[in-house]
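First up is the structure itself, then whatever we jot down about it.
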Amino acid sequence: MAIDMVTNTTTTESMDFQDSYSIVRGEQREIQRLDAQHQLYISAFGYHLHPNIKLPKSGARIADVGTGTAVFLKELATQASSTTEFHGFDISSSQFPPASSLPGNVQLHIGNAMEGFSAEMHDTFDVVTVRLLVAALNGEDWRRVTDHLVKLVKPGGWLQWQESDGLQGMKILRDEFGTKKSHLQTSLSQIFANQTIREKFEYPSRNLARVFHEAGLDEVDEDVVSTDREPHMRSTTLQISVEGLISGMKGGMNGKKYSQEEIDSQVKGWIDDMESGVYQRYNLHCFLGKKPLPG
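All the letters of the sequence shown, read from the start, carry residue numbers -1 to 293 under the numbering used here.
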């Protein structure tokens, strides 16, 4: 059974940047950002599961690691057979939706991909999906987490991992002539001038296919799309990035402690740029690998 491709979208009105922009895990604003980011990935790729993945006609089991708000699983559950089981794992339950809002075949669990999962979960999933762990991982963490994820996959099952390419494909572009982009361009250039940060965010696009091979996966494939493949998502892409910049400043980005006044000043400049018609593009990568059958 294959999952149909979709064209879900999110509107720019869903995230009003002139409201309060406190970003704390589990707060409604961060939940909105994560859901908008999810819709960006679905819109850009055109699918939830890579078309190479074929599910059993009944009784399939799918895991989503780093599930957050579980929006990915909730949408996937509307497309799959009612006999399909969905399991979401996250390091915290703070973004989990109320249990009453979940389909009956979706279960959410606390789980840490860095530490691994209980043995009873090993070799039990037809597909394991994961997205957007780049901010949480460094260097050898990628192989460690990949090994833990592969243990969840049944022989013959699939691991699907989606990340962006950091600075490599990132551009700040204009819509109409006269668009202002000085504030955003300067801010992003300052962030990625830090070699450690640049290498961290570029690691998956440069190395994850190799890591999949090293972890013993077969049929490794990489699908690359641009965030502006669907032009209506341009403003949403930029809004998501701005929220990330705000979060970074609040968390002491580049080792600097920012005052609220400094954050307010930066946000005003970013809003001015966005309102003038600037947009951002970068590439998204979907890595796919199949766990070999024994023998």
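Think of the CB as a built atom: it goes at the ideal place given N, C-alpha and C, for glycine as much as any other residue.
Whole-angstrom C-beta distance between residue j and residue i, which should lie under 8 Å
{"i": "residue 125", "j": "residue 160", "result": "Not a contact, Cβ separation roughly 13 Å."}
{"i": "residue 67", "j": "residue 95", "result": "6 Å"}
{"i": "residue 70", "j": "residue 144", "result": "Not really, about 19 Å apart at Cβ, beyond 8 Å."}
{"i": "residue 150", "j": "residue 119", "result": "6 Å"}
{"i": "residue 41", "j": "residue 168", "result": "Contact flag wrong, Cβ pair sits at about 18 Å."}
{"i": "residue 327", "j": "residue 220", "result": "Residue numbering for the chain in the displayed model covers -1 to 293; residue 327 lies beyond these limits and cannot be assessed."}
{"i": "residue 235", "j": "residue 279", "result": "7 Å"}
{"i": "residue 224", "j": "residue 281", "result": "6 Å"}
{"i": "residue 64", "j": "residue 106", "result": "The Cβ separation is near 12 Å, so there is no contact."}
{"i": "residue 84", "j": "residue 110", "result": "Incorrect: roughly 19 Å between the Cβ atoms, too far for contact."}
{"i": "residue 60", "j": "residue 123", "result": "6 Å"}
Inter-residue Cα distance where the pair is residue i and residue j
{"i": "residue 82", "j": "residue 100", "result": "14 Å"}
{"i": "residue 291", "j": "residue 121", "result": "11 Å"}
{"i": "residue 153", "j": "residue 293", "result": "11 Å"}
{"i": "residue 140", "j": "residue 211", "result": "13 Å"}
{"i": "residue 271", "j": "residue 185", "result": "12 Å"}
{"i": "residue 170", "j": "residue 133", "result": "21 Å"}
{"i": "residue 214", "j": "residue 285", "result": "14 Å"}
{"i": "residue 266", "j": "residue 86", "result": "37 Å"}
{"i": "residue 276", "j": "residue 226", "result": "13 Å"}
{"i": "residue 114", "j": "residue 183", "result": "39 Å"}
{"i": "residue 78", "j": "residue 62", "result": "15 Å"}
{"i": "residue 192", "j": "residue 163", "result": "16 Å"}
{"i": "residue 48", "j": "residue 259", "result": "45 Å"}
Exposure label - residue i; buried when at least 16 CB within 10 Å
{"i": "residue 303", "result": "Outside the shown range of the chain, which is -1 to 293, sits residue 303, and nothing can be said about it."}
{"i": "residue 202", "result": "buried"}
{"i": "residue 58", "result": "buried"}
{"i": "residue 245", "result": "buried"}
{"i": "residue 239", "result": "buried"}
{"i": "residue 108", "result": "exposed"}
{"i": "residue 222", "result": "exposed"}
{"i": "residue 262", "result": "exposed"}
{"i": "residue 288", "result": "buried"}
{"i": "residue 28", "result": "buried"}
{"i": "residue 112", "result": "exposed"}
{"i": "residue 207", "result": "buried"}
{"i": "residue 241", "result": "buried"}
{"i": "residue 233", "result": "buried"}
{"i": "residue 117", "result": "exposed"}
{"i": "residue 250", "result": "exposed"}
{"i": "residue 253", "result": "exposed"}
{"i": "residue 204", "result": "exposed"}
{"i": "residue 93", "result": "buried"}
Identified DSSP bridge partners for residue i
{"i": "residue 63", "result": "87 and 128"}
{"i": "residue 279", "result": "169"}
{"i": "residue 288", "result": "156 and 216"}
{"i": "residue 123", "result": "151"}
{"i": "residue 105", "result": "85"}
{"i": "residue 114", "result": "110"}
{"i": "residue 161", "result": "283"}
{"i": "residue 224", "result": "281"}
Segments assigned alpha helix (DSSP H), at least 4 residues, entirely inside the segment 229 to 268: 232 to 248
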